[in-house]
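J.: For the record, in the sequence shown the residue sitting at position 160 is 160 according to full-length UniProt numbering, with numbers rising by one throughout.
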Amino acid sequence: MFLTDGPRNTLASVHPSAEPVEGDSVTLACSSDANPPAQNYTWYKKRGDQSSPVGSSQNYSFTNISSEQSGLYYCEAGNEIGQNGSSAVQITVTYVPRNTSVSVHPSGDIEEGDSVTLTCTSDANPPVHNFTWYTNKHGSESEWIGEGRSYNIPTISTEHTGSYYCKAENKRGASRSSGTFLDVYYGPRNTLASVHPSAEPVEGDSVTLTCSSDANPPAQNYTWYKEKEDQSSPVGSSQNIIFANISSEQSGLYYCEAGNEIGQNRSPVVQISVTCKF
1 MFLTDGPRNT
11 LASVHPSAEP
21 VEGDSVTLAC
31 SSDANPPAQN
41 YTWYKKRGDQ
51 SSPVGSSQNY
61 SFTNISSEQS
71 GLYYCEAGNE
81 IGQNGSSAVQ
91 ITVTYVPRNT
101 SVSVHPSGDI
111 EEGDSVTLTC
121 TSDANPPVHN
131 FTWYTNKHGS
141 ESEWIGEGRS
151 YNIPTISTEH
161 TGSYYCKAEN
171 KRGASRSSGT
181 FLDVYYGPRN
191 TLASVHPSAE
201 PVEGDSVTLT
211 CSSDANPPAQ
221 NYTWYKEKED
231 QSSPVGSSQN
241 IIFANISSEQ
251 SGLYYCEAGN
261 EIGQNRSPVV
271 QISVTCKF
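1. Rounded to whole angstroms, what is the Cα-Cα separation between T27 and D33?
2. Just checking my contact of E169 with V93 at CB under 8 Å: how many whole Å lie between their CB atoms?
3. Based on Cα-Cα distance, which residue from R98, H138, K137, N152 lies nearest to T119?
4. Could you tell me which residues DSSP puts in a beta bridge with C75?
5. What number of angstroms, rounded off, separates the C-alpha of E19 from the C-alpha of V116?
6. Throw me the rounded Cβ distance for the P97 and V128 pair, which I believe falls under 8 Å.
7. To the nearest angstrom, report how far apart I65 and A174 are at their CA atoms.
8. Using DSSP's beta-bridge definition, name the partner residues of residue 279.
9. Take the Cβ of F181 as the centre, count every other Cβ of all protein chains shown within 10 Å, and call the residue buried at 16 or more, exposed below.
10. Per the DSSP calculation, N152 is bridged to which residue(s)?
11. Please state whether DSSP places S212 in a helix, a strand or coil.
12. First and last residue of the beta strand (DSSP E) that includes N130?
13. Which first and last residues belong to the beta strand (DSSP E) in which R8 is found?
14. Please report how far the alpha carbon of T161 lies from the alpha carbon of E111, in whole angstroms.
15. If you reduce the DSSP assignment to three classes, tell me which class Q90 lands in.
16. How many Å lie between V269 and G179 at the Cα?
17. Apart from the five residues just before and just after Q264, which ones in its own chain have a Cβ nearer than 7 Å to its Cβ?
18. Taking the beta strand (DSSP E) that I262 belongs to, which residues open and close that run?
19. Would DSSP call S67 helix, strand or coil?
20. So what's S61 in DSSP terms, helix, strand or just coil?
21. Reducing DSSP to helix, strand and coil, say where S103 ends up.
22. By Cβ distance below 6 Å, which residues in the same chain neighbour S31 in space, the five residues on each side in sequence not counted?
23. Would you mind working out which of L72, C166, T158 sits nearest I145, comparing C-alpha positions?
24. Closest to Q239 by CA distance: which of F62, H105, A219, Q50 is it?
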């Protein structure tokens, strides 16, 4: 005489590991105590309060597992007497950091003197345990500058202009972000007025005054002034001012003012001394 019974002690197991690396091959196996042996198996994946069937064999395999396949799985075994479900098993797919990127706060133009914070984000499982920061300035080799998810520059200067990137690391590996370029804006400085070809021309010569300045963005506005006793009067509004046929009345002290969206700066004066033609 044989005793028949529906499935019981149904068990779901994961092989070779419940924490596979993305791309691994993983098998879910369903076992059950039943007489006659279970002939029907169904695998389910839990999605919140609901479950959806994903397979209908005793073993369910992932040949190239991905992070989207992480989750809770259970099986149901059935024979002609009845059916029984297992407890759920958790599959947690691990992977190296990816989509690593740098964000800049505040966003927008960066002006000299601002406080700037760089933040590194990355998608990883297990989560990133180490962030490392590097900079590459003026085409030089990469230089280590710090650790941590954020890197702060409390008072930024032109020396900080350059490309920055972060490296994110977990136990599965590491990845780095692309470079983020910090372009530090500043108002004109080192403004200089120069005279060409000579500051002592002969009456009738052609003379050019040129205004140069160090600025980022480059100076867009220029104004030339001529000093007259205790006052100055504007004489031009371009980077270069040309006297095509200079006269003695144009002798004097000149200076220029350069401006961009950040500010403005004036040059020291230059002397033009026109000599008479005999």
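Every residue gets a Cβ at the ideal spot worked out from N, C-alpha and C, and that includes glycine. From a predicted model like this one, the values you see are computed outputs, not experimental measurements.
T.: From the atom records:
1. 20 Å
2. With a Cβ gap of about 18 Å, E169 and V93 do not count as contacting.
3. N152
4. W43
5. 39 Å
6. 6 Å
7. 20 Å
8. Given that the chain is displayed from residue 1 to residue 278, the structure contains no residue 279 and the question cannot be resolved.
9. exposed
10. T117
11. strand
12. 130 to 136
13. 5 to 15
14. 11 Å
15. strand
16. 43 Å
17. G187, P188, E257, A258
18. Looking at the DSSP string, I262 is not in any beta strand (DSSP E), and its letter there is neither H nor E.
19. helix
20. strand
21. strand
22. L11
23. C166
24. A219
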